[in-house]
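Before any comments, here is the structure.
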Amino acid sequence: MDCRKMIGMPAFTGFVLLFVSSGLSADAKDQTARRGRASSDSTSAADLQKKLVDQTKDLGPWDGHRQLLSDATDNMFERQGWTSEPDQYTREVLRDLQQYDPWQYQERQDTFMNHMQVRYELTEAQKEQLSRDMQREALMTGIKHFRTTAPIAMEIVRLRAEGKPFTAEDVQRWTSQLDPVMEDAKAAVKRVAEKLEGTMSPSQREQLKKDMDALLKRHDDVVRMVGEWQQGKWDPSQWGLQNDPVHGPQMRAIHAREDERTRLADISQARRDLKGVGKADDESTWERYVRLFCVRFACDDLQKITAFAILKSVVREAENIRAARKGDIAKLEASIAKADSDERRGYFESELHRALLPIEALFERLCSRLDNEVLRSDQRMRVPQDGAEGPASASNR
């Protein structure tokens with residue numbers, strides 16, 4: 001296990017996988033031998049790790065893979081909402097670690113420890129203790145789980161070498177074995193942190209607690225995701241691989257299914273009515289209103305072009321109004337959030353509504369223009385819904 005990776009594991013490895021196996025550095029056998037505890041397990045683990053490194057090197061120059069990993073990690077942090085200061089600090093550390101090839105253990109170790117020393121203002125003694133404790137926990141946990149993680153890691157590397165995508169079935173099979181690995185990894189990191197905390201000043205402990213709280217939240221998020229993957233609920237975007245060319249066909253198929261679901265949902269909504277589809281005071285919702293308007297009245301291509309040109313013009317006006325009143329709107333929204341009574345909240349809500357009235361008027365103008373400038377006379381008198389009748393202006397809003 002490599003404690004450096006607990007703060008955010010490479011996406012296409014399935015997070016925990018290489019976190020454990022990478023702790024078995026090429027000199028693991030020598031470390032255990034020096035301590036007089038060489039065993040068949042430690043020897044086999046080091047041999048498997050060497051084989052994994054050799055397979056990884058066979059993937060070719062690491063620069064292309066480095067960019068993929070960096071992009072995937074960025075996508076994962078964004079998808080999971082890992083945006084707090086400790087989260088973003090973690091991402092910066094990972095970005096520095098990713099500058100080195102996976103087998104450059106010492107360079108990664110030195111970079112990580114330098115970050116830790118600066119982050120927590122560690123003395124040299126604290127830094128050395130942290131390094132020793134991390135390496136010990138990494139070796140212990142890595143050896144314990146290598147029979148589980150190494151074959152999965154080697155399969156992942158083999159699939160990448162062959163240019164084959166991961167499938168939901170692959171991920172389901174891999175993650176079905178990872179619960180004990182993740183639990184032991186979490187426990188190991190907590191042991192290291194607790195021991196370090198005992199040497200720290202109050203200010204150092206405060207920073208460590210913030211970072212540990214964020215780390216444990218990320219761990220819990222990964223555990224939740226792994227639970228879904230174990231049920232076969234996985235697609236490449238969940239590992240940040242939506243832009244990976246190898247997974248392009250999968251993503252195109254997923255997008256096609258999503259587009260079809262959206263199309264069918266739009267048809268269903270449009271056939272009922274358009275009430276509530278667009279919020280009059282929120283121009284970001286008007287695009288869907290126009291899209292469903294075109295579905296409802298079976299608009300042809302030329303009518304759609306006209307409708308969306310009208311939308312663009314009216315939304316631009318609304319955005320200008322919102323920008324001009326940005327300060328007042330922000331103050332009113334803050335007052336609503338902080339209101340200590342229903343009466344006060346109601347007052348600020350009515351003031352906000354009044355501030356947004358010009359935008360609401362623009363929505364009414366949009367609806368009127370769609371009725372009068374887009375629809376033909378026969379469309380205005382017809383609503384594509386069984387039993388519905390009347391002009392568009394009576395049925396749209």
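If you're matching positions, the sequence shown starts at 1 in the working numbering and goes up one per residue.
Even for Gly, the Cβ is constructed at its ideal location relative to N, Cα and C.
- With fewer than 16 other Cβ atoms from the protein chains shown falling within 10 Å of its own Cβ, residue 83 counts as exposed.
- A contact between stretches requires three or more CB pairs, one per stretch, nearer than 8 angstroms, and the region 285–305 meets this requirement with the region 366–378.
- Assigned with DSSP and collapsed to three states, residue 339 falls in coil, not helix or strand.
- If you check the CB distance, residue 360 and residue 280 come in under 8 angstroms.
- The region 84–102 makes no contact with the region 169–184: fewer than 3 CB pairs, one atom from each, lie closer than 8 angstroms.
- Cβ contact annotation for residue 366 (same chain, cutoff 6 angstroms, sequence separation greater than five): 314, in chain order.
- Contact check for residue 158 against residue 55 passes: the beta carbons are separated by less than 8 angstroms.
- The residues 168, 171, in chain order, have a CB closer than 6 angstroms to that of residue 234 in the same chain once the five nearest residues on each side in sequence are set aside.
- Distance from the CA atom of residue 268 to the CA atom of residue 274, rounded to whole angstroms, is 11 angstroms.
- Contact check between the region 201–215 and the region 112–123: three or more CB pairs, one atom from each, fall below 8 angstroms, which counts as touching.
- Counting every other CB atom within 10 Å of its CB across the protein chains shown gives residue 240 a total of 16 or more, marking it as buried.
- In the three-state reduction of the DSSP assignment, residue 243 falls in the coil class, being assigned neither a helical nor a strand state.
- Listed in chain order, the non-local C-beta contacts of residue 332 below 7 angstroms within the same chain comprise 348, 351, 352, 355, local neighbours out to five positions each way being set aside.
- Judged by beta-carbon spacing, residue 196 lies within the 8 angstroms limit of residue 130, meaning their Cβ atoms are closer than that value.
- With contacts defined by Cβ atoms closer than 8 angstroms, residue 192 and residue 149 do not form a contacting pair.
- Taking the Cα positions, residue 336 is about 44 angstroms away from residue 253.
- Excluding residues up to 5 positions away in sequence, 59 lie with their Cβ nearer than 7 angstroms to the Cβ of residue 160 in the same chain.
- In this chain, the alpha helix (DSSP H) harbouring residue 63 covers 62–80.
- Here the C-alpha atom of residue 100 lies approximately 11 angstroms from the C-alpha atom of residue 110.
- Going by DSSP, residue 168 is part of the alpha helix (DSSP H) stretching over 168–175.
- Of the residues assessed, residue 255 falls on the exposed side of the cut-off, its CB having fewer than 16 other CB atoms within 10 angstroms.
- For residue 189, the closest alpha carbon among the candidates 142, 72, 105, 238 is that of 142.
- In this structure, DSSP gives residue 367 a helical state, which the three-state scheme calls helix.
- The closest CA to that of residue 370, considering only 248, 312, 340, 217, is found on 312.
- Here DSSP, grouped into helix, strand and coil, assigns residue 153 to helix.
- By the criterion of a C-beta distance shorter than 8 angstroms, residue 200 is surrounded in its chain by 120, 126, 208, once the five residues flanking it on both sides are discounted.
- Between residue 295 and residue 270 the beta-carbon gap is near 4 angstroms, inside 8 angstroms, which marks them as a contact.
- Spanning the alpha carbons of residue 272 and residue 297 requires a straight line of approximately 12 angstroms.
- Rounded to whole angstroms, residue 325 and residue 286 show a C-alpha spacing of 20 angstroms.
- Exclusion of the five residues before and after residue 250 leaves 165, 236 as the residues of its chain whose Cβ lies within less than 6 angstroms of its Cβ.
- Counting along the chain, residue 189 sits inside the alpha helix (DSSP H) bounded by residues 179–197.
- Taking the Cα positions, residue 79 is about 16 angstroms away from residue 229.
- The residue among 299, 277, 368 with its C-alpha nearest the C-alpha of residue 289 is 277.
- For residue 320, the enclosing alpha helix (DSSP H) has its first and last residue at 301–324.
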